[in-house]
Amino acid sequence: METGKQKSSVEEELRRGPWTVEEDLILTNYISKHGEGRWNSLAKCAGLKRTGKSCRLRWLNYLRPDVRRGNITAEEQFLILELHSRWGNRWSKIAQHLPGRTDNEIKNYWRTRVQKHANQQWMPRLLERIRTAVDSSRAISNAHTTLTSSNDNSKFSLPHVPGCCNDYSDERDRAWVVEEEGWPEFPTPSDEGSMLAGLWELSAMGSNMYVE
DNA sequence: AACGAGGTCAACCGCGCGTCG
DNA sequence: GCGACGCGCGGTTGACCTCGT
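Sequential numbering from 21 applies to the first sequence in the numbering used here.
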């Protein structure tokens, strides 16, 4: 029978909180020698006073050699929006399509930079249009080319994307949008390198459509 | 310079699923 | 078939950072 005293002594042995450089080194060296797998036993064998879960998380989100660090690019932003509109909060699935990015990173990105705009009037329509647009592989290819060839995110322009913001082939559709939803409120792109630069560009295309 | 508000992100938690004995 | 265990996933937390006043 496990006593409270025994339990607390076990808990005391386990470290929590931020990882130290030494712990990172131990984990990295151990995995480079023995490989991943069986995280609980790995933690014990490596001599780390951490749970298997903690080791796994640290390795996958930070220590793995192929982890990409740094800002999410415009291309990645576009992809995240599209994949999220398709799959919802399936972060690990979305991460599989963004090499080097972790589900945790994408989840954090979405929650901190995208979700706060989710209640904007233009957002649901924008996401729906993106989702529709990228059903065409040509659209993805064109967008990819344009986004990656641009050095200035504030000035990049997406090509004509069928079904996207600039595609109101049906005049009744455009009239319906204005009549039913009114003029959309667009955000101010405070940071040209941010996700909103891409969204801004897309939404601006929609805005031009409305006023032409 | 000091302080508070808001943003960011690493890490933890709890649940559900798959595997194994 | 069933329970125990380990793992992976999505949600949440909290420490730290940045920016505005």
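We treat Cβ as the ideally placed atom computed from N, Cα and C, and that holds for glycine.
Each residue's CA atom was taken as its position, placing Gln-97 and Asn-81 some 19 Å apart. Taking C-beta atoms as the reference points, Trp-130 and His-104 count as a pair closer than 8 Å. It is roughly 12 Å from the alpha-carbon of Pro-119 to the alpha-carbon of Glu-95. Taking each of Leu-68, Lys-73 and Val-134 in turn and checking the Cα distance to Ile-100, the smallest one comes out for Val-134. Counting of Cβ neighbours within 10 angstroms places Glu-102 among the buried residues, the total reaching 16 or more. As the crow flies, the alpha-carbon of Lys-69 is around 23 Å from that of Asn-124. Per DSSP, Asp-86 lies in no alpha helix (DSSP H) and is assigned neither H nor E.
Per DSSP, reduced to three states, the secondary structure at Trp-39 is coil, with no helix or strand assignment. Contact annotation: Cys-65 and Leu-47 have beta-carbon atoms that are not nearer than 8 Å.
Measuring C-alpha to C-alpha distances from Val-87 to each of Tyr-50, Gln-116 and Gly-67 identifies Gln-116 as the nearest.
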